[in-house]
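*Asks:*
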Amino acid sequence: MTGLVALPSNAPGGMDAGLGAHFGHCDLYTLVEVEDGQIKSSKVVPNVPHQQGGCMAPVQYLAGQGVKMLIAGGMGMRPLMGFNQVGIDVYFGGNATTVNEAVQALLQGSLPRFTQQFTCGGGGQ
Numbered sequence: 021m022t023g024l025v026a027l028p029s030n031a032p033g034g035m036d037a038g039l040g041a042h043f044g045h046c047d048l049y050t051l052v053e054v055e056d057g058q059i060k061s062s063k064v065v066p067n068v069p070h071q072q073g074g075c076m077a078p079v080q081y082l083a084g085q086g087v088k089m090l091i092a093g094g095m096g097m098r099p100l101m102g103f104n105q106v107g108i109d110v111y112f113g114g115n116a117t118t119v120n121e122a123v124q125a126l127l128q129g130s131l132p133r134f135t136q137q138f139t140c141g142g143g144g145q
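Residue numbers (this note's numbering): 21 to 145.
Written out as structure tokens, the structure is:
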């Protein structure tokens, strides 16, 4: 598995940060570069305001950062479809508590693909 993984994170971000419960309402994103099943590097980027493009603004922003995969605990159907349209694979990280734990689970192949059954009505519900 190779590519850039985005994870909604609680401040201050990084590998030990708590995993944000909902992708669109997180403080920031931790971006983790994985190559051949190994973590190569990580960096923290801010979230973008919803006002400019609604819940699609973070989708476009992360696509522009070169993200190929996203791990989230919750999101609505519209952004999930948006991630699919821009070629970002979304995984459900509901049981992970930290960024590192979620990335390790992804690398081990134990995270399910995020499907409609995991979506919420939006607004962090």
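Backbone N, C-alpha and C define an ideal beta-carbon position, used for all residues, glycine too.
Keep in mind it's a predicted model, so treat the numbers as computed, not measured.
If you draw a straight line from the C-alpha of Gly143 to the C-alpha of Gln85, how long is it?
*Replies:* Its pLDDT being 44, under 50, Gly143 is placed unreliably in this model, and the value from its coordinates should be taken loosely. Gly143 and Gln85: Cα-Cα distance of roughly 24 Å.
*Asks:* Can you give me the C-alpha to C-alpha distance between Val65 and Asn30, rounded to a whole angstrom?
*Replies:* So the alpha carbons of these two residues sit roughly 11 Å apart.
*Asks:* Assign Gly44 to buried or exposed, taking buried as 16 or more other Cβ atoms, counted over all protein chains shown, within 10 Å of its Cβ.
*Replies:* Answer is buried; the Cβ neighbour count reaches 16.
*Asks:* Mapping DSSP to helix, strand and coil, what is Leu24?
*Replies:* Leu24 falls in the strand class under three-state DSSP.
*Asks:* So what's Gly129 in DSSP terms, helix, strand or just coil?
*Replies:* Reduced to three states, the DSSP call for Gly129 is coil.
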